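Just so you know, the sequences run in chain order A and B. Under the working numbering, think of the first position of the first sequence as 5, with each following residue one higher. Under the working numbering, think of the first position of the second sequence as 113, with each following residue one higher. Positions of the beta carbon are idealized from the N, C-alpha and C atoms, including for glycine. Note that the coordinates shown come from a computational prediction; the quantities given were computed from them, not determined experimentally. In what follows, a single structure is set out as structure tokens and then discussed.
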Amino acid sequence: LAKTTQPISMDSYEGQEVNITCSHNNIATNDYITWYQQFPSQGPRFIIQGYKTKVTNEVASLFIPADRKSSTLSLPRVSLSDTAVYYCLVGDRYSSASKIIFGSGTRLSIRP
Amino acid sequence: DGGITQSPKYLFRKEGQNVTLSCEQNLNHDAMYWYRQDPGQGLRLIYYSQIVNDFQKGDIAEGYSVSREKKESFPLTVTSAQKNPTAFYLCASSPGPIPTYEQYFGPGTRLTVT
Numbered sequence: 005l006a007k008t009t010q011p012i013s014m015d016s017y018e019g020q021e022v023n024i025t026c027s028h029n030n031i032a033t034n035d036y037i038t039w040y041q042q043f044p045s046q047g048p049r050f051i052i053q054g055y056k057t058k059v060t061n062e063v064a065s066l067f068i069p070a071d072r073k074s075s076t077l078s079l080p081r082v083s084l085s086d087t088a089v090y091y092c093l094v095g096d097r098y099s100s101a102s103k104i105i106f107g108s109g110t111r112l113s114i115r116p
Numbered sequence: 113d114g115g116i117t118q119s120p121k122y123l124f125r126k127e128g129q130n131v132t133l134s135c136e137q138n139l140n141h142d143a144m145y146w147y148r149q150d151p152g153q154g155l156r157l158i159y160y161s162q163i164v165n166d167f168q169k170g171d172i173a174e175g176y177s178v179s180r181e182k183k184e185s186f187p188l189t190v191t192s193a194q195k196n197p198t199a200f201y202l203c204a205s206s207p208g209p210i211p212t213y214e215q216y217f218g219p220g221t222r223l224t225v226t
């Protein structure tokens, strides 16, 4: 299993761009990188998924370098409502459910 | 509106009682999952089901039971054998029978057992 490491917490201010990095040194060839967002007392929400280079959607961008040993979730111009926990998951896109592991995530706090 | 519903949002039970948490989805998804989340922690997989009438244990299945009699429903029973049942329980689903990282979650049920 590709283990992931991400910061426990991060702080930023409204209007700033926030980049959350996830390390996954032993990522396998078939593994994808997936990010979720979770607000307090709610279920996680799928944000973005990628395999290499860059993926962008209406919410975020995901940057993956050529060696794929890390990835960066980029949130443009954050607002207070982006305060949440962000989870980085790595694994085969279609995988045994028991291998889909949500770690402790990164607790992002946005200040006015 | 398509989505996943979990009820109730808050549930209180006395120790020694079994309790069943409801999970319904109208997304026409094949796979469904149950997770448990403790304060400040990530999610841990309890059970999952890839098709009707079939389900598999996750990492922490002891003290829990499930059924999958209908595609849209995947209830979880927390039995009295579960040593520490107080937690936030999350149900999820994903399209297709093969588990995937793109899962859709319900709003959760917070269970308190005293």
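Under 7 Å by beta carbon: chain B residues contacting Phe106 of chain A | Gly154, Leu155
Under 8 Å between C-beta atoms, does Tyr90 of chain A make it to chain B?
-> Judged by the 8 Å Cβ criterion, Tyr90 of chain A is not in contact with chain B.
Touch test, the stretch 140-150 of chain B against the stretch 205-214 of chain B, Cβ-Cβ under 8 Å, three pairs minimum | yes
Using a beta-carbon distance cut-off of less than 8 Å, what residues from the stretch 44-63 of chain A approach chain B?
-> Ser45, Gln46, Gly47, Pro48, Arg49, Phe50, Gln53
Using CA coordinates, which residue listed in A:Gly47, A:Thr60, A:Leu66 is at the minimum distance from Ile37 of chain A?
-> A:Leu66
Starting from the Cα of Ile116 of chain B, find the closest Cα among B:Leu139, B:Leu123, B:Arg125, B:Leu133 and give me that residue.
-> B:Leu139
If Leu202 of chain B and Leu155 of chain B are in contact, beta carbons under 8 Å, what's the gap, nearest whole angstrom?
-> 6 Å
Inter-stretch contact at 8 Å, needing at least 3 Cβ pairs: the stretch 76-95 of chain A / the stretch 172-189 of chain B | no
If we cut at 8 Å on Cβ distances, does Asp166 of chain B have a partner in chain A?
-> So no, Asp166 of chain B is outside the interface.
Identity of the residues DSSP links to Tyr145 of chain B by a beta bridge | Looking at the DSSP output, Tyr145 of chain B shares a beta bridge with B:Tyr160, B:Ala204.
Do you know how far the Cα of Pro207 of chain B is from the Cα of Tyr216 of chain B?
-> 9 Å
Would you decide whether Pro151 of chain B is buried or exposed? Buried here means 16 or more other CB atoms lie within 10 Å of its CB.
-> exposed
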